[in-house]
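Beneath this line is the structure, given in structure tokens, with notes to follow.
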Amino acid sequence: MTATTNTSDRPAALEVEGVRFQYPGAEGFGLEMGSLVLAAGEQVLLTGGSGTGKSTLLQIVAGLLDPQSGRVCVAGRDVHAMPGPARDRFRGSQIGMIFQTFNLLQGFSALENVMAALMFSTLPRAEYDARARGLLGSLGIARVTSRVENLSVGQQQRVAVARAVACRPALVLADEPTASLDPENARAAIELIQQTCRENGAALLCTSHDPSMRERFARVQALAAPGSGVLAGAGEGGAA
Amino acid sequence: MNDWTIIRRSLSSRVLSTWLTSLSVGVAVALMLVLLMMRDSGRRAFERGSGNMHLLISAESDPLSSVLNSIFYAGAPRRAVAWTKFEQLPRLAPFEFLIPIQTGDSFQGLPVLGSTPEFFSKFKPDPEQGWRLREGRFFEREFELVVGARAAAATGLAIGDRVPLTHGMPRRRGEENLPAPHVHDEFKFEVVGILEPTGSAHDRAIFTDINGSWIIHARDLREAAEIEAAKKRGEVHVHDHEAEDAITPADLRPDEKPVTAIYARVASRPGSDASAAIPATFSRLRADPSIQVAQPAQEISRLFAIVGNVDQILLALAVVVFLSSGVSILLSMYNSMDQRRRQVAVLRVLGATRGRIFRLVLGESLILGLIGAVFGLLMALVGTHVVALEMRARLGLVLEPALTPTLGALVLGGAIVLAGVAGLIPAVAAYRTSVARNLRPLG
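Just so you know, the sequences run in chain order A and B.
Following the numbering used here, the numbering of the first sequence begins with 1236 at its first residue and continues without gaps.
Following the numbering used here, the numbering of the second sequence begins with 241 at its first residue and continues without gaps.
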């Protein structure tokens, strides 16, 4: 939760190389990503209109989808080279995810939602409680035992953020985290996500179709639909 | 926060379904346990009662009803063995005892059995255990009563009470054509002994010297004959009990000494087993068409063969209920699949492996089975207790339904295995749940 130390000795949080993905059966829909590298702790905005495969790319990075070709390394490890269970455990310990709809566990308390992430991490069990309470406290959630569905939308988002960084991941993937918020709340939300990632030493790959988000990121990566002539990856850093 | 929390939350998120499902497992488990527990204890209870008798001799039309009427007091025998026949029996075969009994009278609806003092000295209701008195003594002469333990509890009879008996049993459905029971107020019987429980149907009976029963009936018969004779003479018969001479046992004519059944034990040479002599005696007695002879143990086995069919049907039914409760586990788990898919996807994102998800869902199913099994166990214990109380109150049969560890483990294990099998399909479905597809924004 404190500011990160020197990150230069850590492997790149993310390296994507020549990834091609095509949904089976879905004609024409897919994505290509030439090259994308995030250094440890680096924050990158991934832009692109709807249908360009931003969410799909995040799921590929998380190891939830297998690309037809290419390579994805998170924290120095080839995600898709790992067999299923190892990949799941790796995700549990190295990757946090934030969704537009939060995807909190309904019926569970705020504390339990964060603890659930810790259950599958490599942190020692004895630290779960302190870690979860500490994170929620620092994000301003006082009623940690309230069921998440009883919390305000803003608080639910904070729980989702706390859950994403709970396992001390190398990389946080945020999929349109501000899409359902008004501009003011969207700004606050992205600030919270960025700051929390920074404090927890996690790199951040955030998708958004909102152009106003660009100014908040030092680096913006555009993703274009495959076959559009623009090979994604070529414009790295271009819009910053 | 651990796997158990996740299972618990999942179960409590559909409380009604969880309880109903466990209840259906519980009912199945209880049904099965009650049947299994009752079957054994019912057989044991029926095996008591005939005790150390080998043969039951009567004039009834079939051996099973003779056993039910004369040992279990199911009803009043319709026909009696003549006294002259009874006196001939020892000549047919060597007997260790031949005890005449007469049933058909009652006191407050409880059966009265008339017999000789040998009924207490030689016959044992339980081969291992003879009669024991809680109070008083056994009867020694006519008009004395010894009260069975449950009969004493039911009637409140105590030593020294003097009560009249009722000739005839309360009529049951279909017996409206039998003579109405009537109370013999003119004969008072004195309670001289109260028995300890024997665990047999005899506990709800009242015992008296057979001479007393005969005297009452002789009086009835003689009175009826007088009225008939008076009618023939055209006189009005004025009945005056006081003026009549009391009938004594010695006055009784052989035709006034009906015996509804005879408890018989075949004599055995010292050191040899009587069981060899029973069939021979049995077939010798069978040759006499005027009497019915039954081997109580065999009749009870035959009864249980009949009842056994019924309880096999019931058991089959219980198995069907049991299996359908498995289906209800499956449905309950499967119906929650839509709600579960999203949760599974989220857990997978958080790092849960497919195997862990599989175990979580299977675990949930097992918990449903376990809750159901515990329900069922409790219901079975209460249920058998209630049935046992009822059987004791109505039939005097002491059922001691025992939940043996083997039986308990078998049924519990069965419920858990069933739940495990029922949980396999939902668990596989959860295992195969696509994370990417179920993370789509659902609102």
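We treat Cβ as the ideally placed atom computed from N, Cα and C, and that holds for glycine.
### Query
Where does histidine 407 of chain B sit, in a helix, a strand or coil, going by DSSP?
The residue given as residue 407 of chain B occupies position 167 in the second sequence. In the structure shown, the three-state DSSP call for histidine 407 of chain B is strand.
### Task
Would you kindly check if the distance between the Cβ of glycine 660 of chain B and the Cβ of leucine 617 of chain B is under 8 Å?
Residue mapping note: residue 617 of chain B aligns to position 377 of the second sequence, counting from 1. Residue mapping note: residue 660 of chain B aligns to position 420 of the second sequence, counting from 1. Contact flag unset, no.
#### Entry: Neighbour list for valine 589 of chain B in chain A, Cβ cutoff strictly below 8 Å
In the second sequence, residue 589 of chain B corresponds to position 349, counting from 1. Going along chain A in sequence order, the residues near valine 589 of chain B (Cβ under 8 Å) are Ala1297, Leu1299, Arg1326, Met1332 and Asn1338.
### Query
With 8 Å set as the bound, which would you pick, yes or no: does the beta-carbon of asparagine 575 of chain B sit closer than that to a beta-carbon of chain A?
Within the second sequence, numbered from 1, the residue matching residue 575 of chain B stands at position 335. Not closer than 8 Å to any Cβ of chain A, the Cβ of asparagine 575 of chain B fails to qualify, so no.
### Per-residue contacts from phenylalanine 1343 of chain A into chain B (C-beta, under 7 Å)
Against the first sequence, residue 1343 of chain A aligns to sequence position 108. Chain-ordered, the chain B residues with CB closer than 7 Å to the CB of phenylalanine 1343 of chain A read Arg249.
### Task
Following the continuous beta strand (DSSP E) through proline 351 of chain B, name the residue where it begins and the one where it ends.
Looking up residue 351 of chain B in the second sequence gives position 111. 350–355 is the extent of the beta strand (DSSP E) around proline 351 of chain B.
### threonine 258 of chain B to serine 250 of chain B span [Cα, whole Å]
As a working note, residue 258 of chain B is residue 18 in the second sequence. As a working note, residue 250 of chain B is residue 10 in the second sequence. Approximately 9 Å between the Cα atoms of the pair.
### Message
Quick check on the DSSP output: what are the complete beta strand (DSSP E) runs of length 3 or more inside the segment 282–343 of chain B, in order along the chain?
### Response
List check, beta strand (DSSP E) in window: 295–298.
#### Entry: DSSP state of arginine 372 of chain B mapped onto helix, strand, coil
Working through the second sequence from its first residue, we reach residue 372 of chain B at position 132. The answer is coil: DSSP assigns arginine 372 of chain B none of H, G, I, E or B.
### Task
Using DSSP bridges, identify the partner residues of serine 346 of chain B.
The count along the second sequence starts at 1 and reaches residue 346 of chain B at position 106. Beta-bridge pairing links serine 346 of chain B to B/Pro351 and B/Thr406.
### Message
Any beta carbon of chain B sitting closer than 8 Å to that of methionine 1317 of chain A?
### Response
The residue you call residue 1317 of chain A lines up with position 82 of the first sequence. With 8 Å as the cut-off, methionine 1317 of chain A does not count as an interface residue toward chain B.
### Query
What's the C-alpha gap between arginine 526 of chain B and arginine 331 of chain B?
Within the second sequence, the letter at position 286 stands for residue 526 of chain B. Within the second sequence, the letter at position 91 stands for residue 331 of chain B. Looking at the two C-alpha atoms, the distance is approximately 15 Å.
### Message
Taking only three categories from DSSP, how would you classify serine 250 of chain B?
### Response
Here residue 250 of chain B refers to the residue found at position 10 when the second sequence is read from its first residue. Serine 250 of chain B: helix per DSSP, three-state reduction.
### Between the CA atoms of glycine 612 of chain B and isoleucine 569 of chain B - distance to the nearest angstrom
By 1-based counting over the second sequence, the position of residue 569 of chain B is 329. By 1-based counting over the second sequence, the position of residue 612 of chain B is 372. C-alpha separation (whole angstroms): 10 Å.
### Query
Any Cβ of chain A within less than 8 Å of the Cβ of serine 253 of chain B?
For the purposes of this step, residue 253 of chain B is identified with residue 13 of the second sequence, where counting begins at 1. Serine 253 of chain B belongs to the set of residues whose beta carbon lies under 8 Å from a beta carbon in chain A.
### Task
Note down the Cα distance separating glycine 609 of chain B from methionine 573 of chain B, rounded to an integer number of angstroms.
Residue 609 of chain B sits at position 369 when you count from the first residue of the second sequence. Residue 573 of chain B sits at position 333 when you count from the first residue of the second sequence. Going by the C-alpha atoms only, they are around 12 Å apart.
### Task
Examine the Cβ distances between the segment 308–327 of chain B and the segment 286–300 of chain B and report whether three or more of them are shorter than 8 Å.
Touching, yes.
### Task
Could you check the C-alpha separation between serine 298 of chain B and phenylalanine 326 of chain B for me, to the nearest Å?
Reading the second sequence from its first residue, position 58 is the one you call residue 298 of chain B. Reading the second sequence from its first residue, position 86 is the one you call residue 326 of chain B. Near 10 Å, if we compare the C-alpha coordinates of phenylalanine 326 of chain B and serine 298 of chain B.
### Task
May I ask you to list the residues that DSSP assigns as paired with leucine 505 of chain B?
As a working mapping, residue 505 of chain B is identified with position 265 in the second sequence. First, the amino acid is wrong: residue 505 of chain B is arginine here, not leucine. B/Phe337, per the DSSP bridge assignment.
### Query
Shorter than 8 Å from the beta carbon of methionine 1268 of chain A to some beta carbon of chain B?
Locating residue 1268 of chain A in the first sequence gives position 33, where the first residue counts as 1. Using a Cβ-Cβ cut-off of 8 Å, methionine 1268 of chain A does not count as an interface residue toward chain B, since no Cβ of chain B sits closer than that to its own.
### Message
Quick check on this structure: which residue in A/Thr1291, A/Leu1280 and A/Thr1282 has the alpha carbon closest to the alpha carbon of phenylalanine 1256 of chain A?
### Response
Here the question's residue 1256 of chain A lines up with position 21 in the first sequence. Closest by alpha carbon: A/Thr1291.
### Task
Could you check which residue in B/Leu385, B/Arg390 and B/Ala394 has the C-alpha nearest to that of leucine 405 of chain B?
In the second sequence, residue 405 of chain B corresponds to position 165, counting from 1. Ranking the options by Cα distance to leucine 405 of chain B, first place goes to B/Leu385.
### Task
Buried or exposed for aspartate 495 of chain B, please, with buried defined as at least 16 other CB atoms from any protein chain shown within 10 angstroms of its CB.
Residue 495 of chain B sits at position 255 when you count from the first residue of the second sequence. Per the 10 Å Cβ criterion, exposed.
### Query
Taking the alpha helix (DSSP H) that isoleucine 467 of chain B falls in, what are its first and last residues?
Here residue 467 of chain B refers to the residue found at position 227 of the second sequence. Per DSSP, isoleucine 467 of chain B belongs to the alpha helix (DSSP H) from 450–473.
### Message
Among B/Glu466, B/Val589 and B/Phe447, whose alpha-carbon lies nearest the alpha-carbon of glutamine 342 of chain B?
### Response
Position 102 of the second sequence holds residue 342 of chain B. Measuring C-alpha to C-alpha distances from glutamine 342 of chain B to each of B/Glu466, B/Val589 and B/Phe447 identifies B/Phe447 as the nearest.
### Query
Is it buried or exposed for arginine 493 of chain B, if we count other Cβ within 10 angstroms and need 16 for buried?
One-based indexing of the second sequence puts residue 493 of chain B at position 253. If you draw a 10 Å sphere on the C-beta of arginine 493 of chain B, you find fewer than 16 other C-beta atoms in it, and that means exposed.
### Message
Which same chain residues end up closer than 7 Å to valine 1379 of chain A when comparing Cβ atoms and leaving out the 5 residues on each side of it in sequence?
### Response
What you label residue 1379 of chain A is simply residue 144 of the first sequence in a count that begins at 1. These residues qualify, in order along the chain: Ser1344, Ala1345, Leu1346, Arg1368 and Leu1371.
### Query
Name the chain B residues that come within less than 7 Å of glutamate 1384 of chain A, Cβ to Cβ?
The residue given as residue 1384 of chain A occupies position 149 in the first sequence. Chain order gives no chain B residues near glutamate 1384 of chain A, where near means a beta carbon separation below 7 Å; the closest approach is about 11 Å.
### Whole-angstrom distance between arginine 1422 of chain A and phenylalanine 1452 of chain A, CA atom to CA atom
Locating residue 1452 of chain A in the first sequence gives position 217, where the first residue counts as 1. Locating residue 1422 of chain A in the first sequence gives position 187, where the first residue counts as 1. So the alpha carbons of these two residues sit roughly 12 Å apart.
### Task
Please go through the segment 1382–1436 of chain A and give each complete alpha helix (DSSP H) segment of 4 or more residues, from N-terminal end onward.
As summarised for the segment 1382–1436 of chain A, the continuous alpha helix (DSSP H) elements at least 4 residues long and confined to that stretch are 1388–1400 and 1418–1434, given in chain order.
### Task
Name, please, each residue of chain A whose Cβ falls closer than 8 Å to the Cβ of glutamine 583 of chain B.
Along the second sequence, one-based indexing puts residue 583 of chain B at 343. In chain order: Leu1340 and Gln1341.
### Query
Closest to proline 368 of chain B by CA distance: which of B/Ser508, B/Glu640 and B/Thr438 is it?
The sequence position of residue 368 of chain B within the second sequence is 128, counting from 1. According to the sequence as given, residue 368 of chain B is glutamate; it is not proline. It is B/Thr438.
### Query
From alanine 1405 of chain A to arginine 1312 of chain A, what distance separates their C-alpha atoms?
Taking the first residue of the first sequence as position 1, residue 1405 of chain A is located at position 170. Taking the first residue of the first sequence as position 1, residue 1312 of chain A is located at position 77. Cα-Cα distance, rounded: 11 Å.
### Query
phenylalanine 1355 of chain A touches chain B at which residues, Cβ-Cβ below 7 Å?
Sequence index remark: in the first sequence, residue 1355 of chain A carries index 120 (1-based). Below the 7 Å Cβ cutoff, chain B contributes Leu590, Gly591 and Ala592 as neighbours of phenylalanine 1355 of chain A, in chain order.
### Query
Do alanine 320 of chain B and valine 499 of chain B have their C-beta atoms within less than 8 Å of each other?
As a working mapping, residue 320 of chain B is identified with position 80 in the second sequence. As a working mapping, residue 499 of chain B is identified with position 259 in the second sequence. Going by C-beta atoms, alanine 320 of chain B is nearer than 8 Å to valine 499 of chain B.
### Query
Ordered along the chain, which non-local residues of its own chain (more than five positions away) have a Cβ less than 8 Å from that of aspartate 449 of chain B?
Walking along the second sequence from the start, residue 449 of chain B turns up at place 209. Gly354, Ser355, Thr356, Pro357, Phe379, Glu380, Arg381, Glu382, Phe383 and Glu384.
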